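**Student:** Chains as they are written, first to last, in the working numbering: chain A, 77 to 323; chain B, 353 to 659. One structure is given below, represented as structure tokens, and several questions about it will come after.
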Amino acid sequence: MRWVVSPVTWVAVFFTSLLLGMPQLRPVFEWGFPAVSPPVFDRDSFFALWLAHAGLVLTASGAAGLIGIALAIFVTRPAGHDFRALVSTLAAIGQTFPPAAVLALAVPALGFGPLPTVVALFLYGLLPIVENAIAGLEGVPAATREAATGMGLSPLQLLRDVELPLAAPVILAGVRVSVTIAIGTATIGSTVGALTLGTPIFDGLAANKLPFVIQGAVLVALFAILTDMLFARLERWLQPPGTLTRG
Amino acid sequence: MIELDHVSKAYNGRPVVDDLSLSVPEGAFCVVLGPSGCGKSTSLRMINRLVPFDSGVIRIAGEDIRAVPPEALRRRIGYAIQSIGLFPHWPVEDNIATVPRLLGWPRARVRDRVTELLELLRLDPESYRHKYPHQLSGGEQQRIGVARALAADPELLLMDEPFGAVDPITRDVLQAEIARIHAATKKTVLFVTHDIEEALRLASVIAILDRGRLAQWGTPLEIVERPASVFVRDFVGGEGSGLKLLGLRKIGERLRPGESTPGEPLPADASLRDALAAMTERHTDRLPVVDESGRPIGMITLADLVR
Numbered sequence: 077m078r079w080v081v082s083p084v085t086w087v088a089v090f091f092t093s094l095l096l097g098m099p100q101l102r103p104v105f106e107w108g109f110p111a112v113s114p115p116v117f118d119r120d121s122f123f124a125l126w127l128a129h130a131g132l133v134l135t136a137s138g139a140a141g142l143i144g145i146a147l148a149i150f151v152t153r154p155a156g157h158d159f160r161a162l163v164s165t166l167a168a169i170g171q172t173f174p175p176a177a178v179l180a181l182a183v184p185a186l187g188f189g190p191l192p193t194v195v196a197l198f199l200y201g202l203l204p205i206v207e208n209a210i211a212g213l214e215g216v217p218a219a220t221r222e223a224a225t226g227m228g229l230s231p232l233q234l235l236r237d238v239e240l241p242l243a244a245p246v247i248l249a250g251v252r253v254s255v256t257i258a259i260g261t262a263t264i265g266s267t268v269g270a271l272t273l274g275t276p277i278f279d280g281l282a283a284n285k286l287p288f289v290i291q292g293a294v295l296v297a298l299f300a301i302l303t304d305m306l307f308a309r310l311e312r313w314l315q316p317p318g319t320l321t322r323g
Numbered sequence: 353m354i355e356l357d358h359v360s361k362a363y364n365g366r367p368v369v370d371d372l373s374l375s376v377p378e379g380a381f382c383v384v385l386g387p388s389g390c391g392k393s394t395s396l397r398m399i400n401r402l403v404p405f406d407s408g409v410i411r412i413a414g415e416d417i418r419a420v421p422p423e424a425l426r427r428r429i430g431y432a433i434q435s436i437g438l439f440p441h442w443p444v445e446d447n448i449a450t451v452p453r454l455l456g457w458p459r460a461r462v463r464d465r466v467t468e469l470l471e472l473l474r475l476d477p478e479s480y481r482h483k484y485p486h487q488l489s490g491g492e493q494q495r496i497g498v499a500r501a502l503a504a505d506p507e508l509l510l511m512d513e514p515f516g517a518v519d520p521i522t523r524d525v526l527q528a529e530i531a532r533i534h535a536a537t538k539k540t541v542l543f544v545t546h547d548i549e550e551a552l553r554l555a556s557v558i559a560i561l562d563r564g565r566l567a568q569w570g571t572p573l574e575i576v577e578r579p580a581s582v583f584v585r586d587f588v589g590g591e592g593s594g595l596k597l598l599g600l601r602k603i604g605e606r607l608r609p610g611e612s613t614p615g616e617p618l619p620a621d622a623s624l625r626d627a628l629a630a631m632t633e634r635h636t637d638r639l640p641v642v643d644e645s646g647r648p649i650g651m652i653t654l655a656d657l658v659r
């Protein structure tokens, strides 16, 4: 029954009850902010906001993960070696652009709505994934690679059976950072018409309704913390058994 | 039988292997010996096509190695290296089973083979099978490396300084093991080292390389007794070569049959070097000699050692 006392379970329960039961906290917010009416954000349900928010993150991070890992695999093969520096630089440029600036630039091209947010999150999230995946794949000991090739593993078998399993914890750590950042950053999508947990925050800021800001911010923070904890679980689970003592 | 026929390889115009021709007979333990940078590792890695060569032909059992896809070729050749390169995420059993699984052996056969190899390397199959490499000592890891190289019963075994990174005592034990395994399996072995003592101990035939060229080819005795060049003589050990020579000859070759002398006897297959050591320790100039069953067969004197 270890899961009962696990912090992940508690954070998950707390997050879910706030997500579904925020309207029930109406008396609390009325008491704390008597001047604000209505005291709880009600333009949309928090659950719907969360679904849309999670959808944006999932789309952007999923694409960043697939493309980032594919790029890392490509530049760590003999054929792609010349592109290694280029890919690192491009990914770094993607992260130097503030997502707000990407949004501002993307809206004229892509219009209002979720699409510019996905693009901004994708570009912003690519760097940690690419960098970690390259580091993970290059971290496979040269002797292991040499022995594998010398015994007759094909390049594909080397990648699938040796390099990816050994690099998995490092790759996943990159995805974890990327997704956690994306959950926080996705809130600004609400400024260009995407529905996110940032919507109550920006509505609250615009109309000077502090409770809205609190409600949105707490849910986003809990969502990010919970996701981070789940990734930690996954990392432990994916750690190759023979390397457990490493850390 | 493995043949290198006028094989050359250059890196950036600098020759690493220069017109090298070798013909290693079936079942030989061939040690490729030379100082670092003489091209010995490169030569070895050309045989399993980890390194492409520029010109010449390499044949295994008469077949040009470039006529076989590299992966198929490598699965027929055992390969063990100094840094071992065990797969850290696989238990010992899976590590040893790498090539048999690539070859699609049935599970039961793979399992039996792993047991057999662990026993051959004197590791208890049940306690080692499920261990991970990081739970093993350096010597145990290298044993697993050798077991893995032998797993699919390859026709040829390539070993690149396999015992270069273990402590002297473990190295001594591992050398004895590989000599025993070679005697038992009669596999053709190509063994690279820069350690002359290791070469003299293990080799049935030695190839000495100097700057990518073959400096001398011969049995350990021929190399020590009749070095073909100043390079070989210096490399084989100049001043110390007298002792090495004694180490290569057996007491049986200098025996005085039928004569006897009191004292603790030495076996006839011990080296003359052992005899010299025993005489020095015991302050005597003669020792009794027995055969493998312990029967007295004669004696050896100090004068016989230098005859």
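C-beta atoms are modelled at their ideal positions from N, C-alpha and C, and glycine is treated no differently. All values derive from a computational prediction rather than experimental measurement.
For chain A, find out if any of its Cβ atoms is closer than 9 Å to the Cβ of Ile436(B); answer yes or no.
**Tutor:** Closer than 9 Å: yes.
**Student:** For Leu600(B), which three-state DSSP category applies?
**Tutor:** If DSSP states are grouped into helix, strand and coil, Leu600(B) belongs with the helices.
**Student:** Would you list, in chain order, the members of the region 147 to 161 of chain A that have their beta-carbon closer than 9 Å to a beta-carbon of chain B?
**Tutor:** Within the region 147 to 161 of chain A, no residue has a Cβ that lies closer than 9 Å to any Cβ of chain B.
**Student:** Could you tell me if Asp621(B) is buried or exposed, where buried requires 16 or more neighbouring beta carbons within 10 angstroms of its beta carbon?
**Tutor:** The residue is exposed, with fewer than 16 neighbouring Cβ atoms inside 10 Å.
**Student:** Ends of the beta strand (DSSP E) at Ser373(B)?
**Tutor:** Ser373(B) -> beta strand (DSSP E) spans Arg366 to Val376.
**Student:** At the 9 Å Cβ level, is Arg500(B) part of the contact set with chain A, yes or no?
**Tutor:** Yes - at least one Cβ of chain A is within 9 Å of the one on Arg500(B).
**Student:** Output the residue ranges of the alpha helix (DSSP H) runs that lie fully inside the region 513 to 574 of chain B and measure 4 residues or longer, sorted by chain position.
**Tutor:** List check, alpha helix (DSSP H) in window: 520 to 537 and 548 to 554.
**Student:** By the 10 Å Cβ neighbour count, where 16 or more other Cβ atoms means buried, how is Glu550(B) classified, buried or exposed?
**Tutor:** Buried: at least 16 other Cβ atoms inside 10 Å.
**Student:** Would a C-beta distance cut-off of 9 Å place Leu554(B) and Val384(B) closer than the cut-off?
**Tutor:** No, these two residues do not count as a Cβ contact at 9 Å.
**Student:** Counting only runs that start and end within the region 169 to 235 of chain A, where is the alpha helix (DSSP H) found for 4 or more residues in a row?
**Tutor:** If we require 4 residues or more, the alpha helix (DSSP H) runs fully inside the region 169 to 235 of chain A come out as 175 to 186, 190 to 214 and 218 to 227.
**Student:** Residues in the same chain with beta-carbon distance under 8 Å from Gly323(A), minus the five sequence neighbours each way, listed in chain order, please.
**Tutor:** Residue confidence for Gly323(A) is low, a pLDDT of 36 falling below 50, so the modelled location carries little weight and cannot support an answer.
**Student:** Under a CB-based cut-off of 9 Å, is Asn693(B) close to chain A?
**Tutor:** There is simply no residue 693(B) to check, as chain B begins at 353 and stops at 659 in what is shown.
**Student:** Please decide whether Leu229(A) counts as near chain B, where near means a Cβ-Cβ distance under 9 Å.
**Tutor:** Closer than 9 Å to some Cβ of chain B, the Cβ of Leu229(A) qualifies, so yes.
**Student:** For chain B, check one thing: does any of its Cβ atoms lie closer than 9 Å to the Cβ of Leu306(A)?
**Tutor:** It does not; no Cβ of chain B falls within 9 Å.
**Student:** Taking the alpha carbon of Leu95(A) as the reference point, which residue from His129(A), Ala111(A) and Glu106(A) has its own alpha carbon closest?
**Tutor:** Closest option to Leu95(A), Cα to Cα, is His129(A).
**Student:** For Ile530(B), is the classification buried or exposed, using 16 other Cβ atoms within 10 angstroms of its Cβ as the cut-off for buried?
**Tutor:** With 16 or more other Cβ atoms within 10 Å, it is buried.
**Student:** Spell out whether any CB of chain B is found under 9 Å from the CB atom of Arg343(A).
**Tutor:** Residue 343(A) falls outside the range modelled here, since chain A spans only 77 to 323, and no answer is possible.
**Student:** So if I threshold CB-CB distances at 7 Å, which residues from the region 532 to 547 of chain B count as touching chain A?
**Tutor:** Listed in sequence order: no entries.
**Student:** Taking Thr92(A) as part of the alpha helix (DSSP H), name the residues at either end of that continuous run.
**Tutor:** Segment Pro83 to Gly97, the alpha helix (DSSP H) holding Thr92(A).
**Student:** Counting Cβ pairs, one atom from each stretch, are 3 or more of them under 8 Å apart for the region 271 to 280 of chain A and the region 292 to 312 of chain A?
**Tutor:** Segments in contact, yes.
**Student:** Between Ser623(B) and Leu598(B), which are expected to be in contact by the criterion C-beta below 8 Å, what is the C-beta distance as a whole number of angstroms?
**Tutor:** Indeed they touch by this definition, with Cβ atoms about 6 Å apart.
**Student:** Short of 9 Å Cβ to Cβ, which residues in the region 210 to 228 of chain A face chain B?
**Tutor:** Of all residues in the region 210 to 228 of chain A, Pro217, Ala218, Ala219, Thr220, Arg221, Glu222, Ala223, Ala224, Thr225, Gly226, Met227 and Gly228 have a Cβ within less than 9 Å of some Cβ in chain B.
**Student:** Whole angstroms is fine: what's the gap from Phe150(A)'s alpha carbon to Ala209(A)'s?
**Tutor:** Answer to the nearest angstrom: the Cα atoms are 11 Å apart.
**Student:** Could you give the distance in angstroms between the alpha-carbon of Arg601(B) and the alpha-carbon of Leu402(B)?
**Tutor:** Rounded to whole angstroms, Arg601(B) to Leu402(B) spans 38 Å at the Cα level.
**Student:** Would you tell me roughly how many angstroms separate the C-alpha atoms of Ser113(A) and Pro287(A), rounded to the nearest one?
**Tutor:** Straight-line Cα distance between these residues: approximately 10 Å.
**Student:** Can you tell me whether DSSP reads Arg117(A) as helix, strand or coil?
**Tutor:** It should be pointed out that residue 117(A) corresponds to Phe in this sequence rather than to Arg. In this structure, Phe117(A) counts as coil in the three-state DSSP scheme.
**Student:** If you compare alpha carbons, which of Leu229(A), Ala176(A) and Val195(A) is closest to Thr135(A)?
**Tutor:** When each option's Cα is compared against that of Thr135(A), the closest is Val195(A).
**Student:** Quick check on the DSSP output: the beta strand (DSSP E) that includes Ala362(B) runs from which residue to which?
**Tutor:** Residues Ile354 to Tyr363.
**Student:** Using a Cβ-Cβ distance cut-off of 9 Å, determine whether Gly497(B) contacts chain A.
**Tutor:** Yes, Gly497(B) counts as interfacial toward chain A.
**Student:** What is the rounded straight-line gap between the Cα of Leu142(A) and the Cα of Val498(B)?
**Tutor:** In a straight line, the C-alpha of Leu142(A) is about 39 Å away from that of Val498(B).
**Student:** Let's test the definition: count the other Cβ atoms within 10 Å of the Cβ of His534(B) and tell me whether it reaches 16, buried, or not, exposed.
**Tutor:** Buried, by the Cβ-count rule.
**Student:** Can you tell me the Cα-Cα spacing of Ile417(B) and Asp406(B), whole angstroms?
**Tutor:** The alpha-carbon atoms of Ile417(B) and Asp406(B) are separated by roughly 14 Å.
**Student:** Can you give, in chain order, each stretch of the beta strand (DSSP E) that sits fully within the region 473 to 515 of chain B and has at least 3 residues?
**Tutor:** Segments of the beta strand (DSSP E) lying fully in the region 473 to 515 of chain B: 508 to 512.
**Student:** Using a beta-carbon distance below 9 Å, is Arg233(A) in contact with chain B?
**Tutor:** Per the sequence shown, the amino acid found at residue 233(A) is Gln instead of Arg. Output row for Gln233(A): interface = yes.
**Student:** Report the rounded CA-to-CA distance for Arg312(A) versus Arg252(A), giving the unit in angstroms.
**Tutor:** Each residue's Cα considered, the two are about 13 Å apart.
**Student:** Mind checking who Leu385(B) pairs with in its DSSP beta bridge?
**Tutor:** Note: Leu385(B) sits in a beta bridge opposite Thr545(B) and Ile560(B).
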